[in-house]
Every structure is written in C-alpha cells, then in structure tokens.
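Novice: This is the structure I want to talk about, given as structure tokens.
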Amino acid sequence: MPLPFPRCRMAFFMLACWVALLAASCKSDPPPPPGDAGVDPLDCPSETTPVLSDNVSTCTALPTDYPGGGWPACISDSTLDEYKPINPSISTLARVAAFEQIADLLWRNQRIPSIEDFHSAREIYAQNEGLDSRVQRREDVHFDVLPDGKACNQIENPEKYPERCAGPAKILPILNDAFAKGMLGETPRIQARRIEAALLWFLYLSSLAEVQSCDTNKNNCDSAWAYYTGGTPRNAPVGLAKYVRELSEETHDRAYDAALAVRCWRDVDAADSATRPDLQNLALKQYDTALLRGISLTLRQKAAEWTCAHDEGLPARQAFVQTLFGLMEAGVVEQQPGRAEAFRNLKKRVDTPPADVALFDELISSIDEFMGELFACP
-4 MPLPFPRCRM
6 AFFMLACWVA
16 LLAASCKSDP
26 PPPPGDAGVD
36 PLDCPSETTP
46 VLSDNVSTCT
56 ALPTDYPGGG
66 WPACISDSTL
76 DEYKPINPSI
86 STLARVAAFE
96 QIADLLWRNQ
106 RIPSIEDFHS
116 AREIYAQNEG
126 LDSRVQRRED
136 VHFDVLPDGK
146 ACNQIENPEK
156 YPERCAGPAK
166 ILPILNDAFA
176 KGMLGETPRI
186 QARRIEAALL
196 WFLYLSSLAE
206 VQSCDTNKNN
216 CDSAWAYYTG
226 GTPRNAPVGL
236 AKYVRELSEE
246 THDRAYDAAL
256 AVRCWRDVDA
266 ADSATRPDLQ
276 NLALKQYDTA
286 LLRGISLTLR
296 QKAAEWTCAH
306 DEGLPARQAF
316 VQTLFGLMEA
326 GVVEQQPGRA
336 EAFRNLKKRV
346 DTPPADVALF
356 DELISSIDEF
366 MGELFACP
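Numbering (my numbering), first residue to last: -4 to 373.
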C-alpha cells in the first residue's frame, strides 16, 4: 500500500495563485542583493512544512540481509552501531563534508543564496580530489561496465555510454549549469535545489560504486560507508544518511546494516582480490534497496512541500523533483521495465504541473502513491 503523508492545507484562492505562478515558466526568480543571504520568506515555514508519514510495519528483511541471514561471523558483529574502517584515512569524508558546507550555503535553513554563496559553493565543489573530480568519473553500477577497460572520465565515453557514465553524462551537466546560473544571480532558489538533487543522486551512486570496486581495493569499502553516512555512527548521520533517517529511521537502519554487511564481506573475504562475489552481491543488493528507498522518500517529501512554498519558492521545489526524477529514470526503467511507461508519464506531469488546484493536488498524490508502491519496503 502507498504510504500516506499529511499536506499543508492553504486557502483555495492562495493555492490557486501559487500554482498559477508555478505554471508561468517565464516568471523569473530575482536574485537577492549581493551578499544578502537572509531567511527566505517564500519557502516553507518550518512550522507548516508537511512531514512524510512512513509506515514499514508490514515490511520484513530479506532472509539474506545482514545482520543474520546466515552471514558468517565477522568484525561488524560486535558493534552494530558503528562501522570499523579498514583504513582510518578515508578521503571520502572530506567530500561529504564539502556537501554539508555547500548545503549550508545554498539550501539549508531557508536561506536565499547570494551570488557570493554560489561562488563559495563552487570553490568547495571544485577542490582538488573533491566532489567535482569524482562526479566526472562516477559510474552507475546498474549498467554494464565499459568494454576494454575504458573509463568514464575519458572524453568520448560519457556520450557513448551515458547510462553507465551517469556522473559525467548526466550529473555533471546539471551541476555545471546550475552553478554557472547561480553565480550570475539567475533564479538562485531554483539553481540551489537542482544542485541539491544532483549531489544527493551522486552520493547514492557513489555508495554503490565503491561496493563494486571494493573487490580489488579494500579501502573502497570504507568509502561505500562514508559516502552514505559521512563517516558517522548509526545515530548521528550526516549527508545522505541524514536525509534518509529524518524521513525513515527504519530505512536508514537497513542501509547502515548494509554498510556493515560490506565490511563483513571484506573481513571474511580478506584477500587483496576478493573471492566471495556471493557475499558482495548480497551486501550490494541490501544497500541498493535501502538507499533507493531513501532517495524515493526524499523525492516524495519534496513533492509534498510544493503545497506550502509559494511564489518563486514553488518552481524551486519543482526543480528539485524534476531533477531527481530525470536522474532516476534510467535506473528505474532498467530495474522495473514493467513500470517504465508509468514512470515516464508521471515525469511528464512533473515537468508541466497543472494550473488547476484539484489536478495539482492529484499530481502530488500520484507521486506519493507511485513512488511508495515502487519502493514500498527497505
């Protein structure tokens, strides 16, 4: 069953105005004065922001999920609330810290990002060996590896293999365009939300990519945990894990368990080149299921918030949902071919939401219902 969530109920005539403004694509979000990054009066007030109601009471873990599931005894068993790194020096931690800094500058705490904020965020993003360097080579493990040892950061490959080379082919153009427009003061709210959605998808893909590459580089198991949690214990997450836990503690717990499963696999299978792909695949599947549900919950939450933002705050919420829908499309179609047409039809409706209030409310319900059915349990 779909997971219902409460909605902000505004006066009919006010919501009609907000939706009409959203539908008017020519309306621009004027930039704030240089250096002004105050509280955004057009965003959802914290006291009226709808919060997703998550119910996983009918969900059960797979028989193969860690902990339990016939997994052999391993290093993760003794402390289930904290991951034990293979190598205490984890460069990924700096990238998730950079994500947090960018969030504070661009979209967190209802701030209106200034031109200077976008410049500062772009500098953080482009730090040496930072987020930009990894976006440019990030692969989507749901698709076949490139032939003949080719890499996604080679110039010709993103265009040839856009599904596998999701980082440079799909995420990077969004980020480059949004940063460029934000640094010009163009629709700052919208550009900030596009960056937020693109980086969240990058963190999701990165967590899985590091599990896949950990078979020949054990340190990448640490990165798989760090890209999700920011290197934190179960109950103090940052980055993507913070988003997921705020919406569903159960989904977060299942994802954290999966990170521990990755570590368990590489403890049991400790040779430089792994020999237990069965354990690797079990951990990867558990991680993917939980993380993708967490991403879906985040999308549904942002869709719900359309009803309490107003004026230029509305297209900013739309931009987040549009961006994440677009990035999810290839993977959903690949893994759920029977739902491909329905997903694409819903994506079209997200791109051009109706001006009619009743149809707009129905669109939000459709997003919640469809994504709730597609990713019902972690």
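Glycine is no exception: its CB is placed at the ideal position from the N, C-alpha and C atoms. The structure displayed is predicted, hence computed values, not measured ones.
1) Measuring straight from C-alpha to C-alpha, what distance separates E324 and T318?
2) Which runs of the beta strand (DSSP E) fall wholly inside the stretch 132 to 203 and span at least 3 residues, in chain order?
3) Taking the continuous alpha helix (DSSP H) assigned at I81, which residues delimit it?
4) Strictly under 8 angstroms for the Cβ-Cβ distance: is P153 near chain D by that measure?
5) Out of A298, R258, V239, F315, which has the shortest C-alpha to C-alpha gap to P45?
6) Quick check: the stretch 86 to 94 against the stretch 214 to 226, are at least 3 beta-carbon pairs closer than 8 angstroms?
7) DSSP three-state label for P28, please.
8) Measure the C-alpha to C-alpha separation of G321 and A173 and round it to an integer number of angstroms.
9) In its own chain, which residues sit with a C-beta less than 6 angstroms from the C-beta of S291, not counting the 5 before and 5 after it?
10) Pick from E118, P183, C69, D76: whose alpha carbon is nearest that of A231?
11) Take the Cβ of A285 as the centre, count every other Cβ of all protein chains shown within 10 Å, and call the residue buried at 16 or more, exposed below.
12) Give the straight-line distance between the Cα atoms of P332 and E111, rounded to the nearest whole angstrom.
13) By the DSSP assignment, the alpha helix (DSSP H) with K213 in it spans what residues?
14) Just to check my reading of the structure: L235 and Y282 have Cβ atoms closer than 8 angstroms, yes? What is that Cβ distance to the nearest angstrom?
15) Going by beta-carbon coordinates alone, are F113 and G177 separated by less than 8 angstroms?
Specialist: Reading off the structure:
1) Here the question's residue 324 lines up with position 329 in the sequence shown. Here the question's residue 318 lines up with position 323 in the sequence shown. Rounded to whole angstroms, E324 to T318 spans 10 angstroms at the Cα level.
2) If we require 3 residues or more, the stretch 132 to 203 turns out to have no beta strand (DSSP E) run fully inside it.
3) For the purposes of this step, residue 81 is taken as residue 86 along the sequence shown, with counting starting at 1. Per DSSP, I81 belongs to no alpha helix (DSSP H) and is neither H nor E.
4) In summary, chain D is missing from the structure at hand, where a single protein chain is found.
5) Counted from its first residue, the sequence shown places residue 45 at position 50. Scanning A298, R258, V239, F315 for the CA closest to the CA of P45 turns up A298.
6) With contact defined as three or more Cβ pairs closer than 8 angstroms, the stretch 214 to 226 and the stretch 86 to 94 are in contact.
7) Counted from its first residue, the sequence shown places residue 28 at position 33. For P28, the pLDDT reaches just 42, beneath the cut-off of 50, and the residue's location in the model is therefore unreliable, leaving the point undetermined.
8) As a first step, residue 321 must be located in the sequence shown, where it is residue number 326. As a first step, residue 173 must be located in the sequence shown, where it is residue number 178. Whole-angstrom Cα-Cα distance: 15 angstroms.
9) Numbered from its first residue, the sequence shown carries residue 291 at position 296. Close CB contacts of S291 within its chain, under the 6 angstroms cut and outside five residues either way in sequence, are with M366, F370 (chain order).
10) Sequence index remark: in the sequence shown, residue 231 carries index 236 (1-based). For A231, the closest of E118, P183, C69, D76 by C-alpha to C-alpha distance is D76.
11) Position 290 of the sequence shown, counted from the start, is the residue given in the question as residue 285. Buried is the label assigned to A285, since at least 16 other Cβ atoms lie within 10 Å of its Cβ.
12) Walking along the sequence shown from the start, residue 332 turns up at place 337. Walking along the sequence shown from the start, residue 111 turns up at place 116. If I take the Cα positions, the gap works out to 44 angstroms.
13) Taking the first residue of the sequence shown as position 1, residue 213 is located at position 218. For K213, there is no enclosing alpha helix (DSSP H), since its DSSP letter is neither H nor E.
14) Counting from one through the sequence shown, the residue named residue 235 turns up at place 240. Counting from one through the sequence shown, the residue named residue 282 turns up at place 287. That pair is no contact at about 12 angstroms.
15) For the purposes of this step, residue 113 is taken as residue 118 along the sequence shown, with counting starting at 1. For the purposes of this step, residue 177 is taken as residue 182 along the sequence shown, with counting starting at 1. Contact: yes.
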